[in-house]
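Notes follow once the structure below has been shown.
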Amino acid sequence: MENMKIVQQWKQDDSDFIRKKVIEHNMTKLPDELKTPNEDISFVIRNDLEEIIGGITANMFWHHMHIEFLWVDESVRGKGYGRTLLQKVESFAIDKGCRFIYLDTFSFQAPQFYKNNGYEVFGEIKDHRKGFNQYFLHKKFDI
């Protein structure tokens, strides 16, 4: 092994570089018809004071979308904002030709919310943290 060193650190630029290199490698393995841009997307809800009270973030590539985060402030939960955000991102995914959306959530978060909105569990890690399960869900589109 050449004279190299491994350093434990967190730098956003380094993380972005590594992500970019993995994506570049993966793109060399795919047929052209599967190659799509790697695109980050978000929808944000703001109140009258322009404060963020909810939002959803996702990443889209290879004709699918991964929901990273969905959050609604406790003061407005139960008023349909989460469902609206989910519908917005689903419509966006369909318009972009995504075949499915996938996400993960913990048992103390929102697995039933996603199930109620048509998502199906395809994986589970029991006792991810003792007493809590992590669920992996997806929703397929007829595209």
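Mapping to the working numbering: the sequence shown position 78 is 72, numbers consecutive. We treat Cβ as the ideally placed atom computed from N, Cα and C, and that holds for glycine.
Skipping 5 residues on each side, what residues in its chain have a beta carbon closer than 7 Å to that of residue i?
i, result
"residue 37", "49, 50, 79, 82 and 83"
"residue 107", "76"
"residue 91", "57 and 137"
Taking residue i as the reference, which of the options has the closest Cα?
i, options, result
"residue 88", "117, 54, 107 and 69", "54"
"residue 111", "96, 118 and 10", "96"
"residue 35", "29, 58, 19 and 14", "58"
"residue 116", "131, 123 and 32", "131"
"residue 98", "85, 86 and 118", "118"
"residue 114", "124, 72, 10 and 129", "129"
Among the residues of its own chain, which have a CB less than 6 Å from the CB of residue i, if the five just before and after it don't count?
i, result
"residue 101", "126 and 127"
"residue 134", "94"
"residue 23", "none"
Taking the Cβ atom as the reference point for each residue, do residue i and residue j lie within a distance shorter than 8 Å?
i, j, result
"residue 56", "residue 28", "yes"
"residue 68", "residue 52", "no"
"residue 41", "residue 17", "no"
Between residue i and the rest of its own chain, which residues show a CB-CB distance below 8 Å, the 5 nearest in sequence each way excluded?
i, result
"residue 47", "39, 40, 41, 66, 67, 69, 70 and 75"
Item to check | Every unbroken beta strand (DSSP E) within the region 41 to 80, with a cutoff of 3 residues, ordered by chain | outcome: You should have 46 to 55 and 58 to 66.
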